[in-house]
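One structure is given below, encoded as structure tokens.
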């Protein structure tokens, strides 16, 4: 009985397969058959290299940036409130009864 040799695919090849899948919008089963690879492989490659994966990374980066911006906004609002209070104190007319 002869053992089948396991083929190894480069990341570039996997990404090319997924790019073809996404651009041509052909069924995964058909693509797998045409490329001579297993359907399960195409599904796992799509999960790893597909557009959804790229979008999730972008969302995570955006989420971190949004959190940072929200924190900075709170700091700036606090500074503004302090300055408003200081302006109110310094612009009050002097009361001649106090201090004499």
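Residue numbers (the working numbering): 46 to 145.
Don't be surprised by glycine CBs; every beta carbon is placed ideally from N, CA and C.
Around the beta carbon of residue 63, 16 or more other beta carbons sit within 10 angstroms, so the residue counts as buried. In this structure, residue 94 sits near residue 59, with a CB-CB distance shorter than 8 Å.
Between the beta-carbon of residue 67 and that of residue 92 there is about 13 Å, and that puts the pair past the 8 Å contact cut.
Distance from the CA atom of residue 111 to the CA atom of residue 127, rounded to whole angstroms, is 24 Å.
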